[in-house]
Amino acid sequence: MNAESLKQLREQTGVSIMLCKKALDEAKGDFKKALKILETKSKVVSLKKSERKTDSGAVDAYIHSNRKVGVLIELRTETDFVAKNELFQKLAHDLAMHIAASNPKFVKKELIPEEIRQETKKIYEEEVSGLDKSKELKEKIIEGKLLSHFAEITLYEQPFVKDPDKKVGEIVEEAILKFGENIEVARFCRFEL
């Protein structure tokens, strides 16, 4: 491991130098492996911290340059210290901008009401009913369409507009690792003329 790799990993991920050093040590100096280790670690940390209360946070607004689309977002975290951090506030603004561009309807898949799930399923059932396929294959087609549709309308499942290789949920997980606190999008509201 060299200092340049450590510096580059720190700049790219934003996590602490100690975590970067541990990841590089574990990866035996392989930069790409160290990145993967940190990605995996961010998911684990995110799960552990997801139970913690988020009593602080920030409200941010984004208005598109055409003045026809606007978003308000409430991004929550555990402490005022993180909520006042410039990077946390930038995350809130970037997420608001993403919402303006991508128009999600829900924060997470789990928050999609059962009524909407059933209505959507009915639509897809009607759509595939005329296909000359087995019942099992039709059910798989419907399931695939449902997963795809719900990923499109769910904020955490959408590709992040500023980094399409990552989902918004992964961006939030990385922020949890970076700040060491639970972070969640509590709610958002999108307006469009």
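For the sequence shown, position 67 (counting from the first letter as 1) is numbered 112 according to this note's numbering, and the numbering increases by one without interruption.
We treat Cβ as the ideally placed atom computed from N, Cα and C, and that holds for glycine.
In this text the structure is predicted, and so the values were computed from the model without any measurement.
On the CB-based measure, 16 or more other CB atoms within 10 Å of its CB, does residue 175 come out buried or exposed?
Taking the first residue of the sequence shown as 1, we reach residue 175 at position 130. That one is exposed.
DSSP on residue 112, reduced to helix/strand/coil?
Here the question's residue 112 lines up with position 67 in the sequence shown. Note: residue 112 maps to coil in three-state DSSP.
Given residue 62, which residues of its chain have a CB within under 8 Å of its CB, disregarding the five upstream and five downstream residues?
By 1-based counting over the sequence shown, the position of residue 62 is 17. Hits under 8 Å: 51, 55.
How long is the line joining the alpha carbons of residue 102 and residue 82, rounded to whole angstroms?
As a working mapping, residue 102 is identified with position 57 in the sequence shown. As a working mapping, residue 82 is identified with position 37 in the sequence shown. Their backbone Cα atoms lie some 28 Å apart in a straight line.
Would you mind reading off the limits of the beta strand (DSSP E) that contains residue 228?
What you label residue 228 is simply residue 183 of the sequence shown in a count that begins at 1. 228 to 237 is the extent of the beta strand (DSSP E) around residue 228.
Return the residue from the list 143, 169, 98, 99 that minimises the CA-CA distance to residue 192.
Stepping through the sequence shown from its first residue, residue 192 is reached at position 147. Ranking 143, 169, 98, 99 by Cα distance to residue 192 puts 169 first.
Which residue or residues does DSSP assign as beta-bridge partners of residue 120?
For the purposes of this step, residue 120 is taken as the residue at position 75 of the sequence shown. Looking at the DSSP output, residue 120 bridges to 103, 230.
Below 8 Å on the Cβ atoms is my guess for residue 143 versus residue 104; work out the distance and round it to an integer in Å.
Translated into the one-based positions of the sequence shown, residue 143 becomes position 98. Translated into the one-based positions of the sequence shown, residue 104 becomes position 59. Incorrect: roughly 16 Å between the Cβ atoms, too far for contact.
Candidates 189, 198, 162: which alpha carbon is nearest residue 149's?
Here the question's residue 149 lines up with position 104 in the sequence shown. Taking residue 149 as reference, the option from 189, 198, 162 with the minimal CA-CA separation is 198.
Straight-line CA distance for residue 222 to residue 111?
Reading the sequence shown from its first residue, position 177 is the one you call residue 222. Reading the sequence shown from its first residue, position 66 is the one you call residue 111. Spanning the two alpha carbons is a distance of roughly 35 Å.
Assuming residue 75 is part of the beta strand (DSSP E), what are its boundary residues?
For the purposes of this step, residue 75 is identified with residue 30 of the sequence shown, where counting begins at 1. Here residue 75 belongs to no beta strand (DSSP E), and DSSP marks it neither H nor E.
Please state the DSSP three-state secondary structure of residue 210.
Translated into the one-based positions of the sequence shown, residue 210 becomes position 165. Correct three-state label for residue 210: strand.
For the alpha helix (DSSP H) containing residue 168, name the first residue and the last one.
As a position in the sequence shown, residue 168 is number 123, starting the count at 1. Segment 159 to 174, the alpha helix (DSSP H) holding residue 168.
Assuming residue 230 contacts residue 120 (C-beta within less than 8 Å), just tell me the rounded distance between them.
Taking the first residue of the sequence shown as position 1, residue 230 is located at position 185. Taking the first residue of the sequence shown as position 1, residue 120 is located at position 75. About 6 Å separates the beta carbon of residue 230 from that of residue 120, a gap short enough to meet the 8 Å contact definition.
Given that a residue counts as buried once 16 or more other Cβ atoms are within 10 Å of its Cβ, and exposed if not, what is residue 227?
Residue 227 sits at position 182 when you count from the first residue of the sequence shown. Per the 10 Å Cβ criterion, buried.
Residue 177: buried (16+ other C-beta within 10 angstroms of its C-beta) or exposed?
Stepping through the sequence shown from its first residue, residue 177 is reached at position 132. Classification for residue 177: exposed.
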